[in-house]
Amino acid sequence: MAENKTQPTKVSVESFLNSIEDETKRNDSFTLRQIMQDITGEPAVMWGPSIVGFGTYHYKYESGREGDFMIVGFSPRKQNLTLYIMPGFARYDELMQKLGKYKTGKSCLYLKRLEDVDLEVLKQLIGESVKYMMEKYH
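Reading the sequence shown from the start, the letters are residues 979 to 1116 in the working numbering.
Written as structure tokens, this is what we have:
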């Protein structure tokens, strides 16, 4: 059984965030770290070379594949801040309408910068998704 490619590492989150060249993205990343840490009560951990994750859950698919992954996280990519909202967005229509400027993938929320969104709505979205994941997997 293949292991999940993205695994927790011992790399310092602080060093990683401090290495972000773009000042706005660096500041936004420190803000996101604090928000996600406050919501999950979990410390930030590097997952792979560029994802900051919080908490873990164990999944098992019908195919038999199983593993562990972060409950919530983010990555300061070149184009966007990518937030990993594991349950996806279908159940959060009302919040998404109030959020501001963003794009989504299956479980990814893409933001250019935090000032483009309502931070209180973002906190609520993260909180709801974390609560859902905790109830489903713990």
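Idealized CB from N, CA, C, for every residue including glycine. Model, not experiment: these values are computed from the prediction.
Subject >> Check whether MET1024 and THR987 have beta carbons under 7 Å apart >> reply: In contact: MET1024 and THR987 (Cβ atoms closer than 7 Å).
Subject >> Selection from MET1064, ARG1091, LYS1081 that minimises the alpha carbon distance to GLU1113 >> reply: Measuring from the Cα of GLU1113, the nearest candidate turns out to be MET1064.
**OP:** Determine, using beta carbons only, whether LEU1103 and VAL1095 come nearer to each other than 7 Å.
**Re:** With respect to the 7 Å criterion, LEU1103 and VAL1095 are not classified as neighbours on the basis of their beta carbons.
Original post:
Under 7 Å, do LEU1073 and VAL1099 count as touching if we go by C-beta distance?
Top reply: Cβ distance < 7 Å, so LEU1073 and VAL1099 count as in contact.
Original post:
Is SER1053 near ILE1029, with beta carbons less than 7 Å apart?
Top reply: Yes. Within cutoff.
Subject >> Assigned secondary structure, VAL989 (DSSP; H/G/I helix, E/B strand, else coil) >> reply: Note: VAL989 maps to coil in three-state DSSP.
Original post:
Taking only beta-carbon atoms, is LYS1109 less than 7 Å away from chain C?
Top reply: Considering every chain present, this structure includes no chain C. It has just one protein chain.
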